[in-house]
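Novice:
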Amino acid sequence: MRWRTDPLLCAEHLTMRFGGLTAVSDLSFVVGRGDITALIGPNGAGKTTVFNCITGFYKPTEGRLAFARQGIADPDDVATLTLSGRRSARMRNGELYLLERMPDHEIAWRARVARTFQNIRLFSGMTVLENLIVAQHNPLMLASGMSLLGIIGVGPYRAREREAVQKATYWLDRIGLIDRADDPAGELPYGAQRRLEIVRAMCTEPTLLCLDEPAAGLNPKESSELNALLRMIRDEHGTSILLIEHDMSVVMEISDHVVVLDYGVKISDGAPDEVRNDPKVIAAYLGVDDEADVESVVAEVTR
Amino acid sequence: MAAAKPDGVAGFLSAASIRQSMLAALVAAGLAFPILALRAEPDLDNHLVLINRWPLLAWAAAIVFVGHQLAQIPQIGRALKWLLFGVGVLMVGSLIVSALRADFPIYGRLLLAALALTTGGTALAFAAPFDDAHPFAARQRALRAIVAKVAIPLGLLALFAFPLVMLAALGPAGSLKWINNYGVQILIYVMLGWGLNIVVGLAGLLDLGYVAFYAVGAYAYALLSTTFGLSFWICLPLAGVLAAFWGVILGFPVLRLRGDYLAIVTLAFGEIIRIVLINWTDVTNGNAGLSSIPRITFFGAPFTASDNGFAAMFGLEFSPIHRTIFLFYLILCLALLTNVVTLRLRRLPIGRAWEALREDEIACRSLGINTTNTKLTAFALGAMFGGFAGSFFAVRQGFVNPDSFTFMESATILAIVVLGGMGSQVGVAFAAAAMIGGTEILRELDLLKAIFGPDFDPAQYRMLIFGFAMVAMMIWKPRGLVSTRSPSIFLKERKAVAGALVGEGHG
Ligand SMILES: Nc1ncnc2c1ncn2[C@@H]1O[C@H](COP(=O)(O)OP(=O)(O)OP(=O)(O)O)[C@@H](O)[C@H]1O
Ligand SMILES: [Mg+2]
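Order-wise, the sequence lines are chains A and B. Going from the first sequence to this note's numbering is simple: count from 1 and add 992. Going from the second sequence to this note's numbering is simple: count from 1 and add 45.
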């Protein structure tokens, strides 16, 4: 129930229209701090669109995305910030961001929301290690004096770069890719590329990690390794996770909170058990719309 | 290289390949039709009459057909690759032999041997067309490491010794051609290629108007020195700053453009600058250009026969070659500066961000990289080096006019970057030497006379031969001379990344 007591991200009345098509319609949901939250729904439900709004790749047509990086998202604070017209503010309770007002790279660097993509987007011509170093661009850029000090070789850049390599090594150890650190990312097998994309996002030290179908195309063994990795990320690094997933067994096993979308509308929201038994969810997944049919389906599923 | 062939190529004389060859011949005929088949000539009354030259067109189509068929045979493809490589080696070799015959003293021979060794070693290591399966391919990779350690320092040493050795060996008159036409001319293009490489090779932003920044640098020096009497050493950084400023000006409107659109806007930018230079006559003196630009001085001492001149200062007999040699060292240092800065930047976050941008812009943004700043710095830095090269150009010529900054120049510089292998510093240097030096060498190759008879004038055909070489390159080495990418950081060992994996940028 952490999403009720300690919200990290509050999406309110989020709407995204593409011309005549409403991909997300008046969606409100909350991501709890320290939770693994799953966003599920049939194909074309608007899940990726929600991610794109949260991470700034789309500007929502309407709605508010309040992100309390630290502390508590006090509704009064959120209202004050909204009225002030600013993007972010340091409130009594910590930093507060309005993501819908921020450009994508600011969301990643200031608010610390990282993401992966439904179709993997690694820098395939760069090595595995380079991918993880590029992810630490902003702190390294500062250490190199915006390149001015780095180019003449003074300042803390060398030391910071060594630390960056250490961090990369730590993550590569965790996903079993340390032996392939110097190979091009594009040469890795599919499952390894998925894991690498996740740890690349982790190298930005996110508060919230958004994963778009991380288990897609993985075999059962890789899938269970992924679950372990996600739990480790949450437990050891305190990073909250929001993930889109089609594989119900993965969702039920690792998530603390599930939000279900269908045709851009939220149809269910709650703990995995509640959602699993929600007739509307079952209907949406099995594609029945007749009330009577729903009941027979529910009977069958909960048999 | 079978993988590089388009799908559906089914081998020599198969039905599918014949169909493709016929198509290629048809396209060739279509393209050549207005050039070869039709010709307007004045008759006796001085009226233009149209002459048909159908056999010529048929020949062209037939040659394309046969060539296309022959290219289906893998052995021929490989043989042609080696032929291409061999011609390159032969050209360098014959140049060195013809130089050797010029009664060189021993140190001259040593220098040429060092140059030949560097060139040959680097060519073998980077450009020799071994397939991955070839037993020598592994040794070739090992050779690359050795070349990087030995041949490049050796080559640098030879470059620094080059003008002095030439002067000692050939005297002031004989060495001028070597130092100026080959040395300085090639080095200008090496520098321009390295500058553009930041924008195109690293950041993956296709820029067809790079010559604009060269022009800005040249005019900046010309105007600043003639109006305010500023010295070259003050004008040089100013010209760089001005060119970088214009790089940002170009960068802003094209931030959102990619691919073809970016190419067209940058091309237009290059033309705008040139047309402004032509029409803003009050400042630029239009097509006539600016002349009597102050010449380079040796940190204040002019290269003249006067008492306070360079020659008098060092107790030498006056000779105009001193200035040329100084210009050689100046452009060599400027080019090396470009190279060192680029190599260092590649190991800094900004350089890695450029390459990441070339690979995937969306992913960059998801990692918090400000792609606007990243693109603008690439444009600005590339432009700055173009500006440096431009002021060098102005101080060398003593005269600038808009004719020096046509689209052909941009195209040549871009060709150097593409030919060299996008992003590779060594490749770009060799491509510049091949493109600029190659056209010069063709002028005087006696070897071709020996093949085609004494009446053959290679100078007439050099652009044609050059065009053939470019086409052949694009077929057999489409990724350029150096097609692999060297990682900017490594954990255990630096392994080259195969060109096929490396992105070319989206514009
Ligand atoms: N940029 C866009 N322009 C127009 N329509 C879009 C755009 N992005 C998404 N859509 C539409 O919005 C709807 C939701 O798409 P979205 O990609 O968010 O679905 P999804 O839930 O991620 O589906 P899947 O499970 O297949 O990934 C689809 O009908 C899609 O066609
Ligand atoms: Mg999706």
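Just so you know, even glycine gets a beta-carbon here, dropped at the ideal spot from N, CA and C. Given the structure is predicted, the values throughout are model-derived calculations rather than measurements.
Could you compute how far the alpha carbon of residue 434 of chain B sits from the alpha carbon of residue 209 of chain B?
Specialist: Taking the straight line from one Cα to the other gives about 23 angstroms.
Novice: Using the Cβ count rule (16 or more neighbours within 10 Å means buried), how would you classify residue 281 of chain B?
Specialist: With 16 or more other Cβ atoms within 10 Å, it is buried.
Novice: Give the single residue among A:1022, A:1015, A:1018 whose Cα lies nearest to the Cα of residue 999 of chain A.
Specialist: For the residues A:1022, A:1015, A:1018, the minimum Cα distance to residue 999 of chain A belongs to A:1022.
Novice: For residue 165 of chain B, which of B:441, B:407, B:475 has the nearest alpha-carbon?
Specialist: Considering only alpha carbons, the answer is B:475.
Novice: 9 angstroms is my cut-off, CB to CB: does residue 1010 of chain A come that close to chain B?
Specialist: By this cut-off, residue 1010 of chain A is not an interface position.
Novice: Run through the region 328–380 of chain B for me and flag every whole alpha helix (DSSP H) of 4 or more residues, listed as ranges in chain order.
Specialist: Listed in chain order, they are 355–358.
Novice: Taking only the alpha-carbon atoms, compute the straight-line gap between residue 1146 of chain A and residue 1215 of chain A and give it to the nearest angstrom.
Specialist: Approximately 45 angstroms, taken between the alpha carbons.
Novice: Go to residue 1005 of chain A, then tell me how far its beta strand (DSSP E) extends in each direction, as first and last residue.
Specialist: Its beta strand (DSSP E) spans residues 999–1010.
Novice: Nearest chain B C-beta to residue 1216 of chain A closer than 9 angstroms, yes or no?
Specialist: Not an interface residue.
Novice: Given that a residue counts as buried once 16 or more other Cβ atoms are within 10 Å of its Cβ, and exposed if not, what is residue 218 of chain B?
Specialist: Burial call: exposed.
Novice: Can you give the Cα-Cα distance for residue 370 of chain B and residue 1109 of chain A, rounded to whole angstroms?
Specialist: Their Cα atoms are separated by approximately 56 angstroms.
Novice: From residue 110 of chain B to residue 66 of chain B, what does the alpha carbon distance come to, in whole angstroms?
Specialist: Between residue 110 of chain B and residue 66 of chain B, the C-alpha separation is close to 5 angstroms.
Novice: Cβ of residue 542 of chain B less than 9 angstroms from any chain A Cβ?
Specialist: It does: the Cβ of residue 542 of chain B has a partner Cβ on chain A nearer than 9 angstroms.
Novice: Indicate the three-state DSSP secondary structure (helix, strand or coil) for residue 1106 of chain A in the structure shown.
Specialist: Residue 1106 of chain A: strand per DSSP, three-state reduction.
Novice: To the nearest angstrom, how far is it from the Cα of residue 50 of chain B to the Cα of residue 1178 of chain A?
Specialist: In this predicted model, residue 50 of chain B has a pLDDT of only 44, less than 50, meaning its place in the structure is not dependable; the value taken from the coordinates is given anyway. Going from the Cα of residue 50 of chain B to the Cα of residue 1178 of chain A covers about 22 angstroms.
Novice: Go through its chain and collect everything with a Cβ distance to residue 429 of chain B's Cβ below 6 angstroms, but skip five positions before and after it.
Specialist: The residues are 285, 288, 289.
Novice: Is residue 214 of chain B closer than 9 angstroms to residue 450 of chain B when the C-beta atoms are compared?
Specialist: No; because the gap between Cβ atoms is not below 9 angstroms, this pair is not in contact.
Novice: Sort A:1201, A:1237, A:1267 by Cα distance to residue 1103 of chain A and report the nearest one.
Specialist: Measuring from the Cα of residue 1103 of chain A, the nearest candidate turns out to be A:1201.
Novice: For a contact meaning CB atoms closer than 9 angstroms, what does residue 528 of chain B contact in chain A?
Specialist: Ordered by position in chain A, no residue passes the 9 angstroms Cβ test against residue 528 of chain B, which lies about 12 angstroms from the chain.
Novice: In chain order, what residues of the same chain lie with their CB nearer than 6 angstroms to the CB of residue 401 of chain B, ignoring the 5 residues before and after it?
Specialist: Only 409 meet the Cβ criterion.
Novice: Along chain B, which residues have their Cβ under 9 angstroms away from the Cβ of residue 1179 of chain A?
Specialist: Result: 542, 543, 546.
Novice: What residues from chain A crowd round residue 556 of chain B, counting only those whose CB sits closer than 8 angstroms?
Specialist: Since the first residue of chain B shown is 46 and the last is 552, residue 556 of chain B is not available in this structure.
Novice: Does any C-beta atom of chain B lie closer than 9 angstroms to the C-beta of residue 1176 of chain A?
Specialist: Cβ-Cβ to chain B under 9 angstroms: yes for residue 1176 of chain A.
Novice: Locate the beta strand (DSSP E) running through residue 1115 of chain A, then write down its first and last residues.
Specialist: It is not in any beta strand (DSSP E) - residue 1115 of chain A carries neither H nor E in the DSSP assignment.
Novice: Closest Cβ-Cβ distance between residue 532 of chain B and chain A: below 9 angstroms?
Specialist: Cβ-Cβ to chain A under 9 angstroms: yes for residue 532 of chain B.
Novice: Between residue 89 of chain B and the rest of its own chain, which residues show a CB-CB distance below 8 angstroms, the 5 nearest in sequence each way excluded?
Specialist: Contacts found: none.
Novice: Using a cut-off of 9 angstroms between C-beta atoms, extract the partners of residue 412 of chain B located in chain A.
Specialist: Going along chain A in sequence order, the residues near residue 412 of chain B (Cβ under 9 angstroms) are 1097, 1100, 1101, 1106, 1126, 1127, 1128, 1129, 1130, 1192, 1193, 1195, 1196.
Novice: Looking only at its chain, what residues have a beta carbon closer than 8 angstroms to the beta carbon of residue 312 of chain B, apart from the 5 residues adjacent to it on each side?
Specialist: Closer than 8 angstroms at Cβ, skipping near neighbours: 253, 254, 452, 455.
Novice: For a cutoff of 9 angstroms on Cβ pairs, would you count residue 1149 of chain A as touching chain B?
Specialist: Cβ-Cβ to chain B under 9 angstroms: yes for residue 1149 of chain A.
Novice: Any chance the region 1148–1161 of chain A sits against the region 1239–1248 of chain A, with 3 or more Cβ pairs inside 8 angstroms?
Specialist: Too few Cβ pairs lie closer than 8 angstroms, so no.
Novice: Are any of the Cβ atoms in chain A nearer than 9 angstroms to that of residue 49 of chain B?
Specialist: For residue 49 of chain B, the predicted structure reports a pLDDT of 41, less than 50, and the residue's modelled location is therefore unreliable. The matter cannot be settled from this model.
Novice: Nearest by alpha-carbon distance to residue 319 of chain B: which of B:331, B:308, B:327, B:309 is it?
Specialist: Nearest option by C-alpha distance: B:331.
Novice: Of the residues A:1166, A:1234, A:1263, which one's Cα is nearest the Cα of residue 1198 of chain A?
Specialist: Cα-wise, what sits closest to residue 1198 of chain A is A:1234.
Novice: Got a sec: does ligand 2 put a non-hydrogen atom nearer than 8 angstroms to the Cβ of residue 108 of chain B?
Specialist: No, ligand 2 has no heavy atom inside 8 angstroms of this Cβ.
Novice: Just how far apart, CA to CA, sit residue 1160 of chain A and residue 1125 of chain A?
Specialist: Rounded to whole angstroms, residue 1160 of chain A to residue 1125 of chain A spans 7 angstroms at the Cα level.
Novice: For a contact meaning CB atoms closer than 8 angstroms, what does residue 1143 of chain A contact in chain B?
Specialist: 386, 389, 390, 393, listed in chain order.
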